[in-house]
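Participant:
Number of protein chains: 2
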Amino acid sequence: MAKDYGEVELFGVGGSPFARRVQIALELKGVQYTYFEEDLRNKSALLLKYNPVHKKVPVLVHNGRPLAESLVILEYIDETWENHHPILPQQPYDRALARFWSRYIDDKCLPAISKAAFTVDKEERDKGTEESLESLQILENELKHNFFGGETIDIVDIAAGFIAFWLPAIEEAVGLKLLTNEKFPKLYKWGEDYTNHPIVKKNLPQRDRLVGFFKARYASSNTASK
Amino acid sequence: MAKDYGEVELFGVGGSPFARRVQIALELKGVQYTYFEEDLRNKSALLLKYNPVHKKVPVLVHNGRPLAESLVILEYIDETWENHHPILPQQPYDRALARFWSRYIDDKCLPAISKAAFTVDKEERDKGTEESLESLQILENELKHNFFGGETIDIVDIAAGFIAFWLPAIEEAVGLKLLTNEKFPKLYKWGEDYTNHPIVKKNLPQRDRLVGFFKARYASSNTASK
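Heads up: the sequence lines are chains R and W, in that order. Heads up, the first sequence stops at 226 in full-length UniProt numbering, and the numbers go up one at a time, no gaps. Heads up, the second sequence stops at 226 in full-length UniProt numbering, and the numbers go up one at a time, no gaps.
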């Protein structure tokens, strides 16, 4: 559909919420791309060449020019393939809010959830749970329509995909309950709607494998500390 | 100069590198604004109302609508007052790189420098020094012209202002040497050029007071740990 824009390559890992963000954005835009699955224990020479600073996925390579950092890539995709499914709002103030909230998810929600789930020290873990609940409450209050983007998915929804799909898998793996229908009815319903969106649904990892991955991470952090 | 865009208010703290970023951007654009100095030990009701999520400076209020997070504000300023001194490049790929590097400064350089300067544990502090030198080296390699923005100041220069002015003050306060002419000749020269730019120069805090502030911070973190 967007073939005339040249060659698009994506380096990702199936279980990575950050790489999945880019896949969802590309598919919402109808962009054809070649996908390369990385093995993070044995990173490819190309990944290290394209992202020498962070050495992480995702990396998008457009006509030979690499870009890293998922939120940076999402904005690039929106500015490059601008005629189909806007990912950021049009007005400067709304764009700024979308940037604010997508950063908020990465800077506040994700670290809090990780602390609540995988910290060994009980006091720290309880603090993580408290911070997670606070940060989810702030998102709950912010959710005024079906999606953060209104009636369609925008960059905040894509960033928050972690909360819709990865968080419930973490909860199952480590025996934690944060995102419940009772506590956060709007966010809970949003999570169901978001993960059932056809393009999102086909770009999510296999749930069982993800739960297994988080169980192993939980076990290894608890073993390492003994 | 830009009076027809309505009322612009900025809530900041004189010593904050993040609030200073916004002042520099507004003045590069020739935007008239009203400045409110906050006392972080006794935050104003307005600051808490305008930034309930982070409760931090800077907050920009444009025609009654508040925005927080300095890099988000810089992009908003660039998109709103677009006819004078671009702060982001015009092409999507260059814009993405500018976003990448300004985030890199906040996510990598600043935490490493803070760790090197103010961590009490010697091993952690040495690790911070190593990470600081690595992250400065990456910026040194990235600096290909007079400024990160080429011949004029862009968002990366404004974000890196911390390295040009605050870092040397921290070095003096805690007896550390990171940004030297010998190790990083391009970055060192950039720091001198950047802080001597007339608009930057008039929007920097008083050096002596800043050194005093960091000396007190260093002393209090060392006392607290005993």
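Note that beta-carbon positions come from the ideal geometry of N, C-alpha and C, so glycine has one too.
At a Cβ threshold of 8 angstroms, is valine 53 of chain W touching chain R?
Facilitator: One-based indexing of the second sequence puts residue 53 of chain W at position 53. Yes - at least one Cβ of chain R is within 8 angstroms of the one on valine 53 of chain W.
Participant: Taking C-alpha atoms, which residue in R:Glu7, R:Gly6 and R:Arg20 lies nearest to glutamine 206 of chain R?
Facilitator: Against the first sequence, residue 206 of chain R aligns to sequence position 206. Minimum Cα distance to glutamine 206 of chain R is reached at R:Arg20.
Participant: Contact defined as beta carbons within less than 8 angstroms: I believe leucine 67 of chain W pairs with alanine 98 of chain R. What is the distance between those atoms, to the nearest angstrom?
Facilitator: For the purposes of this step, residue 67 of chain W is identified with residue 67 of the second sequence, where counting begins at 1. For the purposes of this step, residue 98 of chain R is identified with residue 98 of the first sequence, where counting begins at 1. Not a contact, Cβ separation roughly 12 angstroms.
Participant: So is valine 22 of chain R buried or exposed if we call it buried at 16+ other beta carbons inside 10 Å?
Facilitator: Taking the first sequence and counting its residues from 1, one reaches residue 22 of chain R at position 22. By the 10 Å Cβ count, valine 22 of chain R comes out buried.
Participant: Would you say alanine 68 of chain W lies against chain R (beta-carbon separation less than 8 angstroms)?
Facilitator: As a first step, residue 68 of chain W is located in the second sequence; it is residue number 68 there, counting from the start. It does; some Cβ of chain R falls within 8 angstroms.
Participant: Thinking C-alpha only, which one of R:Leu88, R:Val72, R:Phe118 and R:Arg217 is nearest aspartate 106 of chain R?
Facilitator: Taking the first residue of the first sequence as 1, we reach residue 106 of chain R at position 106. When each option's Cα is compared against that of aspartate 106 of chain R, the closest is R:Val72.
Participant: In chain order, what residues of the same chain have a beta carbon less than 6 angstroms from the beta carbon of phenylalanine 36 of chain R, not counting five sequence neighbours either side?
Facilitator: By one-based count along the first sequence, residue 36 of chain R stands at place 36. Correct list, in chain order: Phe11.
Participant: Assuming isoleucine 153 of chain W and histidine 84 of chain W make a contact with CB atoms under 8 angstroms, what is their CB distance in whole Å?
Facilitator: In the second sequence, residue 153 of chain W corresponds to position 153, counting from 1. In the second sequence, residue 84 of chain W corresponds to position 84, counting from 1. Contact flag wrong, Cβ pair sits at about 13 angstroms.
Participant: Using only CA atoms, which one of R:His62, R:Val200 and R:Gly150 lies nearest to proline 89 of chain R?
Facilitator: As a working note, residue 89 of chain R is residue 89 in the first sequence. If we check each option's Cα against that of proline 89 of chain R, R:Gly150 comes out closest.
Participant: Since isoleucine 138 of chain W meets chain R, which of its residues come closer than 8 angstroms, beta carbon to beta carbon?
Facilitator: Counted from its first residue, the second sequence places residue 138 of chain W at position 138. Val53, listed in chain order.
Participant: Roughly how many angstroms separate the alpha carbons of phenylalanine 213 of chain W and histidine 54 of chain R, rounded to a whole number?
Facilitator: Position 213 of the second sequence, counting from 1, holds the residue named residue 213 of chain W. Position 54 of the first sequence, counting from 1, holds the residue named residue 54 of chain R. The straight-line gap from Cα to Cα measures roughly 33 angstroms.
Participant: Could you tell me the distance, in whole angstroms, from the CA atom of asparagine 219 of chain W to the CA atom of arginine 209 of chain W?
Facilitator: Looking up residue 219 of chain W in the second sequence gives position 219. Looking up residue 209 of chain W in the second sequence gives position 209. Residue 219 of chain W is actually alanine in this sequence, not asparagine. Looking at the two C-alpha atoms, the distance is approximately 15 angstroms.
Participant: Please name the residue, chosen from W:Pro185, W:Pro58 and W:Tyr50, that lies closest to valine 13 of chain W on a Cα-to-Cα basis.
Facilitator: As a working note, residue 13 of chain W is residue 13 in the second sequence. Taking only the C-alpha atoms, the option nearest valine 13 of chain W is W:Pro58.
Participant: Does proline 66 of chain W come out as helix, strand or coil in the three-state DSSP assignment?
Facilitator: On the second sequence, position 66 is the one that residue 66 of chain W refers to. Three-state result, proline 66 of chain W: strand.
Participant: Listed in chain order, which residues of the region 64-92 of chain W have Cβ atoms closer than 7 angstroms to some Cβ of chain R?
Facilitator: Flagged, chain order: Arg65, Leu67, Ala68, Glu69, Val72, Glu75, Tyr76, Glu79, Thr80 and Pro92.
Participant: Determine the burial state of glutamate 124 of chain W: buried for a count of at least 16 other Cβ atoms within 10 Å of its Cβ, exposed for fewer.
Facilitator: One-based indexing of the second sequence puts residue 124 of chain W at position 124. Exposed, because fewer than 16 other Cβ atoms sit within 10 Å of the Cβ of glutamate 124 of chain W.
Participant: Which residues in chain W have a C-beta closer than 9 angstroms to the C-beta of phenylalanine 100 of chain R? List them in chain order.
Facilitator: Taking the first sequence and counting its residues from 1, one reaches residue 100 of chain R at position 100. Under the 9 angstroms cutoff, chain W gives Val53, Leu67, Ala68, Glu69 and Val72.
Participant: Distance, Cα to Cα, asparagine 222 of chain R vs glutamate 38 of chain R?
Facilitator: Residue 222 of chain R sits at position 222 when you count from the first residue of the first sequence. Residue 38 of chain R sits at position 38 when you count from the first residue of the first sequence. Each residue's Cα considered, the two are about 27 angstroms apart.
Participant: Quick one, which of W:Glu134, W:Asp157 and W:Leu133 has its alpha-carbon nearest lysine 144 of chain W's?
Facilitator: One-based indexing of the second sequence puts residue 144 of chain W at position 144. Checking every option, the nearest Cα to that of lysine 144 of chain W belongs to W:Asp157.
Participant: Should isoleucine 50 of chain R be flagged as near chain W, meaning a C-beta pair shorter than 8 angstroms?
Facilitator: Within the first sequence, numbered from 1, the residue matching residue 50 of chain R stands at position 50. Looking at the sequence itself, residue 50 of chain R is tyrosine, so the reference to isoleucine does not match. No, tyrosine 50 of chain R lies away from the interface with chain W (no Cβ there is under 8 angstroms from its Cβ).
Participant: Could you list which residues in chain R have their beta carbon closer than 8 angstroms to that of arginine 95 of chain W, in chain order?
Facilitator: Your numbering for residue 95 of chain W matches position 95 in the second sequence. Near arginine 95 of chain W (Cβ distances below 8 angstroms), the residues of chain R are Glu75, Tyr76 and Glu79.
Participant: Could you tell me which whole alpha helix (DSSP H) segments of length 4 or greater appear in the region 6-40 of chain W?
Facilitator: Fully enclosed alpha helix (DSSP H) runs of 4 or longer: 17-29.
Participant: Rounded C-beta distance between isoleucine 199 of chain W and isoleucine 87 of chain W? I'm assuming under 8 angstroms.
Facilitator: Position 199 of the second sequence, counting from 1, holds the residue named residue 199 of chain W. Position 87 of the second sequence, counting from 1, holds the residue named residue 87 of chain W. About 12 angstroms separates the two Cβ atoms, so there is no contact after all.
Participant: Which of helix, strand or coil does DSSP assign to valine 53 of chain W?
Facilitator: Counted from its first residue, the second sequence places residue 53 of chain W at position 53. It is coil, neither helix nor strand.
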